[in-house]
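A.B. asks: Chains as they are written, first to last, in the working numbering: chain A, 1 to 556; chain B, 1 to 556.
Don't be surprised by glycine CBs; every beta carbon is placed ideally from N, CA and C.
Number of protein chains: 2
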Amino acid sequence: MNLIRAQLTQGRITTEPFPESKPIGGRALIDYWMTEHGSPTVHPLSEGNVLIIAPGLLAGTSAPSSGRLSVGGKSPLTGGIKEANVGGTAGHKLARLGIQALIVEGKAEEWQILKLNAGSVALETAGDIIGLDNYVACERLRERYGDKISIMIIGPAGERRLANSTVAVTDVEGRPCRHAARGGVGAIMGAKSLKAIVIDDTGTPSRKAVDSGAFTAAVKSAVEAIQSGPYGTLLHHSGTAGMIDIDNGRGSLPTHNHHQGAFEKFQNINANRLIELNKARGGSMGHGCMPGCAVQCSNIFHGADGRYLTASLEYETLVMLGANLGIDDMDAIARMDRKCDGLGIDTIETGCTLGVLNDIGLFNFGDGARAEALIDEIGKGSPMGRILGSGVEITAKTLGISRIPAVKGQGIPAHSARSMKGWGVTYATSPQGADHTTGSVVVDPLSPSGQVERSRTSQIINTAFDATGLCHLTFLFKNPETVMPMVNAFYGVDLSLADFMEMGKEMLRQERAFNIKAGIGPAQDRLPEWMRTEHLPPTHAVFDVPQEEIDDFFNF
Amino acid sequence: MNLIRAQLTQGRITTEPFPESKPIGGRALIDYWMTEHGSPTVHPLSEGNVLIIAPGLLAGTSAPSSGRLSVGGKSPLTGGIKEANVGGTAGHKLARLGIQALIVEGKAEEWQILKLNAGSVALETAGDIIGLDNYVACERLRERYGDKISIMIIGPAGERRLANSTVAVTDVEGRPCRHAARGGVGAIMGAKSLKAIVIDDTGTPSRKAVDSGAFTAAVKSAVEAIQSGPYGTLLHHSGTAGMIDIDNGRGSLPTHNHHQGAFEKFQNINANRLIELNKARGGSMGHGCMPGCAVQCSNIFHGADGRYLTASLEYETLVMLGANLGIDDMDAIARMDRKCDGLGIDTIETGCTLGVLNDIGLFNFGDGARAEALIDEIGKGSPMGRILGSGVEITAKTLGISRIPAVKGQGIPAHSARSMKGWGVTYATSPQGADHTTGSVVVDPLSPSGQVERSRTSQIINTAFDATGLCHLTFLFKNPETVMPMVNAFYGVDLSLADFMEMGKEMLRQERAFNIKAGIGPAQDRLPEWMRTEHLPPTHAVFDVPQEEIDDFFNF
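#1: Let me confirm a value: G444(A) is counted as buried when at least 16 other C-beta atoms fall within 10 Å, else exposed. Which label applies?
#2: If I measure Cβ to Cβ from P485(B) and keep anything under 6 Å in the same chain, skipping five residues before and after, which residues do I get?
#3: Using the beta-carbon of each residue, which ones in chain B are nearer than 8 Å to V542(A)?
#4: Less than 9 Å between CB atoms is the rule here; does R386(A) satisfy it with respect to chain E?
#5: Quick check: what's the CA-CA separation for H179(B) versus G368(A)?
#6: Let's see if you can read the secondary structure: which residues bound the alpha helix (DSSP H) around M503(A)?
#7: Mind checking which residues open and close the alpha helix (DSSP H) that includes T310(A)?
#8: Output the distance between the C-alpha atoms of F475(B) and L253(B), rounded to the nearest integer angstrom.
#9: Does any residue of chain A have a CB that is nearer than 9 Å to the CB of K517(B)?
#10: How would you label I360(B), buried or exposed, when you count the other beta carbons within 10 angstroms and need 16 or more for buried?
#11: With a Cβ-Cβ cutoff of 9 Å, do C293(A) and G67(A) count as a contact?
#12: Using a 10 Å radius around the Cβ and a threshold of 16 neighbouring Cβ atoms, would you call S458(A) buried or exposed?
#13: If the cut-off is 9 Å on Cβ atoms, which residues from the segment 46-57 of chain A count as contacting chain B, listed in chain order?
#14: Tell me which same chain residues have a C-beta within less than 7 Å of the C-beta of F263(B), skipping the five on either side of it?
#15: Along the alpha helix (DSSP H) that carries P278(B), what are the first and last residues, could you check?
#16: For the candidate residues G87(B), F490(B), G48(B), T41(B), whose alpha-carbon lies nearest to that of D466(B)?
#17: Give me the residue from A126(A), G79(A), M501(A), K339(A) with the minimum Cα distance to D133(A).
#18: Below 6 Å CB to CB, which residues in the same chain sit around V584(B) once its five sequence neighbours on both sides are set aside?
#19: So, do the segment 193-205 of chain A and the segment 108-123 of chain A have three or more beta carbon pairs nearer to each other than 8 Å?
#20: Under 9 Å Cβ-Cβ, which residues of chain B neighbour E529(A)?
#21: Pop quiz: N2(B) and G73(B) are said to be a contact at Cβ under 8 Å. What is the actual Cβ separation, rounded to whole angstroms?
#22: Distance, Cα to Cα, N49(A) vs M189(A)?
#23: To test your reading of the DSSP string, which unbroken alpha helix (DSSP H) runs of 4 or more residues are found completely within the segment 147-181 of chain B?
#24: Tell me V104(B)'s beta-bridge partners as DSSP assigns them.
#25: Inspect the beta-carbon positions of P559(B) and K397(A) and report whether they are closer than 9 Å.
#26: How many angstroms separate the CA atom of E481(B) from the CA atom of A84(B)?
#27: Could you tell me the distance, in whole angstroms, from the CA atom of H237(A) to the CA atom of G286(A)?
#28: Using 9 Å as the limit for Cβ to Cβ distance, is P230(A) near chain B?
#29: In chain order, what are the residue ranges of uninterrupted alpha helix (DSSP H) at least 4 long that sit wholly in the segment 438-477 of chain A?
#30: In chain A, which residues lie with their C-beta within 7 Å of the C-beta of K192(B)?
#31: Take every Cβ of the segment 372-392 of chain B, pair it with every Cβ of the segment 502-517 of chain B, and state whether three or more of those distances are shorter than 8 Å.
#32: Would you mind telling me which residues of chain B sit closer than 7 Å to A163(A), beta carbon to beta carbon, in chain order?
#33: Does any C-beta atom of chain B lie closer than 9 Å to the C-beta of S430(A)?
#34: Can you list the residues of chain A that G450(B) reaches, using a CB-CB cut of under 7 Å?
#35: Just curious, the beta strand (DSSP E) that R12(B) is in, first and last residue?
#36: Could you work out which residues of chain A lie near P17(B), taking near to mean beta carbons separated by less than 8 Å?
Listed below in structure tokens is the structure:
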């Protein structure tokens with residue numbers, strides 16, 4: 001496997017073998033690279049920052065749900081290390097092209113496209129796709145480069161280097177609806193004047209396992225384990241939206257700018273409603289966010305006219321653009337999601353951002369038209385759009401708002417920290433900032449006891465998973481022991497579960513060390529103070545995990 | 001001396017004796033209070049933050065130039081501890097009213113005025129002065145409360161809680177042209193819904209020294225020392241603008257967004273030009289920024305029509321709104337200064353903020369009309385005005401600019417760090433962020449050697465001075481030994497020079513400890529990376545004081 005370095009200031013591309021012999025992929029590769037070569041003190045939008053794109057260890061193989069791709073660097077949103085994780089078709093294709101990591105450095109004078117084929121890597125000027133909505137730009141790129149490509153692209157938000165910018169990745173249908181969404185990785189790409197990466201793996205062989213017999217058996221066993229459990233079936237049927245009833249029921253559904261933990265009108269935005277509308281309009285559930293998924297929990301949403309509107313309405317989007325804004329019109333949420341995908345902005349951060357505007361009278365809960373218009377401002381690049389596109393913390397600072405739902409500069413996602421206290425610990429401590437994928441904790445949610453330990457275990461496992469390219473949701477309630485035989489057979493190594501856990505620990509240590517050098521240390525490992533005093537209905541919980549225990553998180 | 005606590009949420013005012021027996025004043029009082037009672041983790045705009053106003057130890061006495069007033073709290077701009085230092089008439093009056101410190105807590109429902117008289121302290125609703133320019137509002141307040149008052153007031157910027165908001169203090173003529181300008185202290189006051197503090201010391205006796213004979217002798221000796229030196233005379237004659245030729249000559253005059261260290265047209269904005277215009281138009285040099293000043297280095301500037309335009313055109317303003325923006329029209333600079341004073345924003349931060357707009361084509365160097373129009377946007381409170389009024393770092397983040405002249409979120413003032421390397425160390429290490437009053441260093445400016453030690457000594461002395469209410473400039477090249485006899489005689493104590501230095505050290509330690517708890521530690525003690533690589537003409541210096549030496553700064 002190779003490392004491709006694209007130095008855009010010089011227009012120089014080099015291909016070299018990856019220097020380490022042990023398997024390092026995905027988030028682990030980002031952590032490795034930032035530790036060895038990244039600068040913690042560089043400005044995230046300066047030439048000195050790097051954009052790292054790394055498929056997981058099992059990408060490009062027949063391992064189920066193994067195409068999650070890691071995109072990272074120093075975050076324009078948090079100022080710390082960042083890995084944003086995304087589905088779509090790019091992960092598998094990159095791996096089949098033998099690319100262990102793509103490192104983008106410097107800054108081009110003109111907007112560029114990086115074209116990756118079997119045996120060739122080239123930069124081309126981006127031309128007339130600048131300024132376009134991601135959907136339109138991807139159409140143009142397919143006209144230019146053919147239908148078989150996978151595209152990684154930034155929208156108008158990333159071009160403007162807004163801190164809430166994503167890197168979109170096309171799905172199986174070629175739509176730019178999967179996003180490496182958090183932490184502003186799109187702004188890093190924009191600051192390099194790299195508009196898109198076009199990946200064509202035509203003619204590449206599939207990756208070969210070192211022990212192909214054992215690998216085939218391990219894959220078979222993993223697929224069986226996934227498909228025999230009830231969780232995969234539920235996810236396939238309801239999508240991540242299935243969590244809405246559960247979170248609403250336990251009072252952990254962020255509603256009305258995190259003022260409530262349940263939404264009166266949750267039934268208008270939940271999985272049942274989504275299934276019902278899709279049935280009536282020709283949309284679909286059970287869609288894969290990436291090829292080779294054993295669960296397929298994604299969906300395609302059609303509008304009232306029966307035509308494609310957006311994909312995919314995930315739990316986080318439905319809650320943060322729905323309940324958190326008091327909006328129960330699923331069509332309005334779908335239009336907002338489509339706008340966010342087109343502009344290349346994160347729906348979680350956007351939901352937090354619009355929510356806080358209620359504090360100063362700039363947004364009324366439930367006003368979907370106003371929410372859409374505010375997202376349109378981001379599209380226009382107006383001064384207000386630039387404020388909103390910079391995320392919730394900058395929006396609050398600019399507009400004089402002090403009640404901010406964010407940790408380390410990143411908006412808090414759709415599981416309430418106060419009524420899911422273990423998850424609150426994850427938000428507080430993750431080197432990635434408040435994040436929904438870094439370490440879920442669902443046990444004993446209203447008790448402050450034991451949550452630091454639970455969060456630690458969960459974060460270690462999730463972090464290790466992010467090295468593999470495997471989907472958290474697919475493997476969520478599986479034992480990591482399902483995973484190790486695949487990795488071992490593919491690479492011809494003999495890693496134990498303890499090794500897997502140790503890899504997660506080492507990654508967290510690297511991320512923590514980078515952040516401390518970047519000026520983000522223990523003092524930033526805390527939830528906003530108001531979460532410790534303001535009671536969240538209906539549970540009336542406050543966040544009361546002792547800070548001293550949280551401060552002990554990294555002692556492992 | 002008393003401590004007045006105004007709890008605005010409850011509308012409760014208490015007067016209590018200050019609990020400590022040893023003399024603690026000005027910046028030292030802010031450091032003491034924030035250490036003992038402040039919360040490092042509170043949001044600066046939340047009710048939990050405090051606004052502290054503290055006269056120096058010698059305020060309200062006949063000690064020369066002793067009325068500098070400290071205004072502080074947790075900074076909305078830097079997120080750390082903040083003391084902003086200001087002249088005007090308030091310091092002396094507060095001290096004569098027996099007020100050692102005024103602590104404003106909580107947040108009122110409606111805009112308030114705090115009225116301090118001999119024997120009474122009261123809150124009143126602010127009424128029709130909300131939204132007004134500081135000059136107009138002060139006229140109204142004098143109509144309401146009489147001509148003898150001193151006023152501390154926030155402008156429209158502070159009302160909007162913009163991070164670059166000042167607290168203005170009226171001068172001897174009653175004009176709101178002296179500003180506790182840095183760190184956004186006006187936004188703290190705005191977040192408490194406190195529009196103004198009206199101070200009337202009518203009928204209060206002057207403060208009595210414990211040993212009045214010795215105090216009179218010490219004051220006489222200090223005045224003689226000041227007036228016998230050449231520096232006081234120079235300052236009186238040329239004002240702080242006298243530094244322009246010096247800084248320009250040594251290449252340390254920030255010009256064109258810190259791209260140059262000298263300004264071709266410096267003679268159009270220097271002291272000679274100021275004196276010439278004032279002579280022709282009826283303005284004046286040699287004006288006191290506060291009563292009882294032994295130097296009087298301030299000025300009053302008249303426009304081309306011969307009428308008052310602004311006061312005072314100080315070095316920092318002339319450079320940051322002049323050379324740094326490529327503007328050599330002193331009238332344009334004066335109008336900008338007047339606008340900044342009216343809105344209640346800092347001219348240094350504003351100069352840095354407008355300067356970076358050049359990077360993205362929103363401002364051309366030399367375009368005074370555009371600069372004025374951009375300041376007007378801040379006045380309008382438009383989205384662009386809110387961006388610009390939030391200071392240079394937020395402006396850069398919102399607009400996607402990565403070359404930011406700021407440390408700890410605060411814009412770098414008008415002595416170039418690269419060609420005044422000792423000063424650069426001060427910018428990097430001061431707990432106050434990049435600041436022109438925390439520790440000047442002029443020795444061997446282009447050498448990286450010995451600058452940490454020089455900055456440390458300078459910062460310790462300056463910090464201690466900020467406890468006394470004495471003006472740095474007046475006493476700049478005097479030995480602190482001039483000062484101690486005054487403090488000792490007034491308080492009946494026996495502090496040595498070593499005690500004075502130890503006070504400065506202890507204050508810095510307190511500030512540092514607060515900042516570390518607030519999440520601002522060693523990783524933030526650094527200049528922007530581009531200052532280490534980008535050469536500054538005409539000296540072509542880069543900042544090359546080794547970071548390891550800088551990291552050793554607080555080992556004292």
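C.D. replies: On the basis of the coordinates in this document:
#1: Position check: residue 444(A) holds Asp in this sequence, whereas Gly was assumed. With fewer than 16 Cβ atoms within 10 Å of its Cβ, D444(A) is classed as exposed.
#2: Only residues of its own chain outside the window of five on either side were considered, and among them A218 have a CB closer than 6 Å to the CB of P485(B), listed in chain order.
#3: Under the 8 Å cutoff, chain B gives no residues; its nearest Cβ is about 15 Å from V542(A).
#4: Note that chain E does not occur in the displayed structure, where the protein chains are A and B.
#5: The straight-line gap separating the alpha-carbon atoms of H179(B) and G368(A) is approximately 43 Å.
#6: 497-517
#7: Segment 308-310 is the beta strand (DSSP E) holding T310(A); no alpha helix (DSSP H) there.
#8: 23 Å
#9: yes
#10: exposed
#11: yes
#12: buried
#13: S46, E47, G48, N49
#14: Closer than 7 Å at Cβ, skipping near neighbours: N248, L253, T255, A323.
#15: Looking at the sequence itself, residue 278(B) is Asn, so the reference to Pro does not match. Note, N278(B): alpha helix (DSSP H), 271-281.
#16: G87(B)
#17: K339(A)
#18: Chain B is shown only over 1 to 556; residue 584(B) falls outside these bounds and no answer can be derived.
#19: yes
#20: S39, T41, V42, H43, S46, G48
#21: Actually they are not in contact, since the Cβ atoms of N2(B) and G73(B) sit about 20 Å apart, beyond 8 Å.
#22: 10 Å
#23: 156-159
#24: Assignment of beta-bridge partners to V104(B) by DSSP yields A6(B), L51(B).
#25: Residue coverage of chain B in this structure runs from 1 to 556, which leaves residue 559(B) outside it and unanswerable.
#26: 25 Å
#27: 6 Å
#28: no
#29: 451-468, 472-475, all fully within the segment 438-477 of chain A.
#30: Residues of chain A passing the Cβ test: none, with the nearest at roughly 11 Å.
#31: no
#32: K397
#33: no
#34: Residues of chain A passing the Cβ test: none, with the nearest at roughly 24 Å.
#35: R12(B) -> beta strand (DSSP E) spans 12-17.
#36: Under the 8 Å cutoff, chain A gives no residues; its nearest Cβ is about 31 Å from P17(B).
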